[in-house]
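Notes follow once the structure below has been shown.
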Amino acid sequence: MDFSIKSLDAKSTIASIKTGCIAVAVFENKNLSSAAQALNHKGDISAALKSGDISGKAGTTLLLRGVNGVAAERVLLVGLGKEEAVSEKDFSSAVQAMARVFTTLGASDAIIALPLDAVAARDASWAIHSTILNTRDAAYRGDSLKSKKEPAASGVRKIAFAVSTVSASIAKEAVAHAVAVANGVALTKDLGNLPANVCTPTYLANAAKKMAKDYKLGVEVLDRKQLQALKMGSFLSVTNGSDEPPKFIVLKHMGGKAKDAPVVLVGKGITFDSGGISLKPGAAMDEMKYDMGGAASVLGTMRAVAELKLKLNVIIVIPSCENMPSGSATKPGDIVTSMSGQTIEILNTDAEGRLVLCDALTYVERFKPAAVVDVATLTGACITALGHHNSGLFTRSDDAHDALAHELLNAGKASGDTAWRMPIEDSYQEQLKSNFADMANIGGPAAGSVTAACFLERYTKKYTWAHLDIAGTAWKSGAAKGSTGRPVPLLTMFLVKRAQAGE
Ligand code: BES
Ligand code: MN
Ligand code: ZN
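Here is the structure:
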């Protein structure tokens, strides 16, 4: 799908553009947006509204053909809701409805002439971002492994945003940013949707190597021997029951000055989480192929960063393995020594995410990071707490960490990929007490997502750190089962803002 800008001046008016379809907005109060008025010379648009065929509520659409005085073959009326108060949600549901119509249209090109400044406190860049992400989402197909693919949707392939000449350069930048994010989201979805017998740690390592080649990034993949030499006893304990070799993946985009401290993203890369000896129940266990969602999202984010050539040093780190039961698997009660030297009593082998992450969080100390953000499908408890709307955000609560938390929360709001802050406090740390080791790997049934974050916190004392629990946001279950590509929009927005702040 191709997105571009069509800048309008006195000569090229909306009515004179030759295209398969123009999308314009109408409102619940039956008013027309200014672009809709410009197509209403002969009163066709107001007649359509009067007919009652479209209410103007957000998400309603009506396709018209052969509108008098209009060069475009079709006009798509898109309801935007209340003219005086278009919400972010109204705008998104309107563009989602538009995108659905586009996927089945007989035309291959379209112009979007919606009012990009309709949402209060949101600008045209936001509207372009929302439109492109929703449109790419509607067109996404997860059928790479079906022998009979769904027939290629006819649908619109080329989309241009109609904007005034004055705002064209800002709009161009917004399109480039949003397309990069959408490409990152698509990579994350593709990797997430692949089954665990295809998407192994080795597969993820090869995906990282390919990206390094395509975008000239630095790449390093450590294997079991090297991980043993680094004394990653916690990470390695998770791999004991699996025949798939573990991989520790490091990918570097050094777009900033050589001396600038990098932002490091760490993604949980469990390509299948059976629970190990603490075996999970069978129902929906297939969804544990998504337990590498953190890894997929940092790879997707890296793709967006590289495509945008961000002037920022960004390093992604992925500890990747399977969590399987077998005669050689780690047993409940086993005690392991992490790379940090701290010992861990593994009371539940299903709490494996923190065991692979803690060694990765120690490893990244060597980069002297400006900030570290880990991303993980870490706890079912996070879904209980926040559902599927917000990722859980955890940091310590001193000034530096409050600042990082706000950057991430704001990036979430600006990209529509939101997070909600959760606590880390000493009182919860007590739940991790072990009689035999420095800590246990579980903290009991209460506040499970918080004690998981508290566990990670013990490995992040040397830098500013945030943890995103994406268990509820990385994929959808049920009929719409599939990876969502989250939190690539949040992470990319966070990094784009950091790069801008450094300019
Ligand atoms: N990958 C799971 C977390 C998860 C569960 C994500 C369900 C999405 C949906 C993680 O490794 C896990 O199993 N966590 C346990 C921790 C518990 C044993 C303390 C959990 O959440 O049940
Ligand atoms: Mn688990
Ligand atoms: Zn897991």
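Numbering (my numbering), first residue to last: 84 to 586. Cβ coordinates follow ideal geometry from the N, Cα and C atoms, glycine included.
For A210, the three-state DSSP class (helix, strand or coil)
DSSP places A210 in helix when its eight states are reduced to three.
Straight-line CA distance for T478 to A488?
When rounded, the distance between both Cα atoms is 7 Å.
Considering only heavy atoms of the ligand BES and the C-beta of each residue, which residues fall inside 5 Å, strictly closer?
That query returns the following residues: D356, D374, N431, D433, A434, G436, T460, T462, G463, I525, A554.
If contact is defined by three or more beta carbon pairs under 8 Å, each pair taking one atom from either stretch, is the region 174 to 182 in contact with the region 123 to 143?
Yes, since at least three Cβ pairs between the region 123 to 143 and the region 174 to 182 fall closer than 8 Å, the two stretches touch.
Can you tell me whether I429 sits near the ligand ZN, meaning its C-beta is under 7 Å from at least one heavy atom of the ligand?
I429: no, Cβ never under 7 Å from the ligand ZN.
Cutting at 6 Å between CB atoms, please list the residues of its own chain near V321, excluding the five before and the five after it.
Once the five neighbours on either side are set aside, the close Cβ partners of V321 are C404, N406, E435, L438, V439.
Boundaries (first-last residue) of the beta strand (DSSP E) holding G376:
Run containing G376: none in the beta strand (DSSP E); it sits in the alpha helix (DSSP H), 376 to 390.
K405 in three-state terms, based on DSSP:
For clarity, residue 405 is Glu in the given sequence; the question names Lys instead. In this structure, E405 counts as strand in the three-state DSSP scheme.
Sufficient close CB pairs (3 or more, under 8 Å) joining the region 243 to 259 to the region 299 to 318
Of all C-beta pairs linking the region 243 to 259 to the region 299 to 318, fewer than three are shorter than 8 Å, placing the two stretches out of contact.
Could you pull the start and end residues of the beta strand (DSSP E) that M337 belongs to?
Where M337 is concerned, the enclosing beta strand (DSSP E) stretches over 330 to 337.
Within a Cβ cutoff of 6 Å, which residues of the same chain sit near A535, ignoring the five residues on either side of it in sequence?
Excluding positions up to five away in sequence, the list reads R437, L461, T462.
Could you tell me the alpha carbon to alpha carbon distance between D457 and I398, rounded to whole angstroms?
In a straight line, the C-alpha of D457 is about 12 Å away from that of I398.
Could you name each continuous beta strand (DSSP E) segment of 3 residues or more that falls completely within the region 507 to 582, going from the start of the chain to the end?
Segments of the beta strand (DSSP E) lying fully in the region 507 to 582: 548 to 552.
Using DSSP with H/G/I as helix, E/B as strand and the rest coil, what is C465?
Of the three classes helix, strand and coil, the one that applies to C465 here is helix, per DSSP.
With a 10 Å radius around its C-beta and 16 neighbouring C-beta atoms as the bar for buried, classify E233 as buried or exposed.
It counts as exposed.
Considering only heavy atoms of the ligand MN, does any lie closer than 7 Å to the CB of G135?
Answer for G135: no, Cβ out of range of the ligand MN.
Start and end of the alpha helix (DSSP H) containing V262?
Element bounds for V262: 251 to 276.
DSSP-derived helix/strand/coil call for M368:
Helix, per DSSP.
Delimiting residues of the alpha helix (DSSP H) encompassing D297
Counting along the chain, the alpha helix (DSSP H) containing D297 begins and ends at 284 to 298.
Going by other Cβ atoms of all chains shown within 10 Å of its Cβ, with 16 needed for buried, is N518 buried or exposed?
It is exposed - the Cβ of N518 has fewer than 16 other Cβ atoms within 10 Å.
Only counting runs of 4 or more residues, tell me where the alpha helix (DSSP H) segments fall wholly within the region 152 to 187, in order along the chain.
List check, alpha helix (DSSP H) in window: 171 to 186.
Cα-Cα separation between S303 and I215, rounded to whole angstroms
This sequence places Glu at residue 303; Ser is not what is there. Cα to Cα, the separation comes out at about 33 Å.
How is E303 classed by DSSP in three states: helix, strand or coil?
E303 falls in the strand class under three-state DSSP.
Nearest to I60 by alpha carbon, out of G358, I525, V347?
Absent from the structure is residue 60, since the part of the chain shown begins at 84 and ends at 586.
Just to confirm before moving on: does the CB-CB distance between D552 and S566 stay below 8 Å?
For D552 and S566, no; Cβs fall outside 8 Å.
Close-in-space but distant-in-sequence residues of the same chain around V246 (CB under 8 Å, 5 per side omitted)
These residues qualify, in order along the chain: I88, K89, S90, L91, L199, A207, A254.
Okay, do the region 356 to 365 and the region 419 to 427 touch, 3+ Cβ pairs below 8 Å being the bar?
Three or more Cβ pairs closer than 8 Å define a contact, and the region 356 to 365 falls short of that threshold against the region 419 to 427.
Measuring straight from C-alpha to C-alpha, what distance separates A494 and V381?
About 15 Å.
Taking 8 Å as the cut-off, decide whether the C-beta atoms of V455 and V349 are in contact.
Cβ distance < 8 Å, so V455 and V349 count as in contact.
Quick one: grab the DSSP three-state call for D485.
Residue state, collapsed to three classes: helix.
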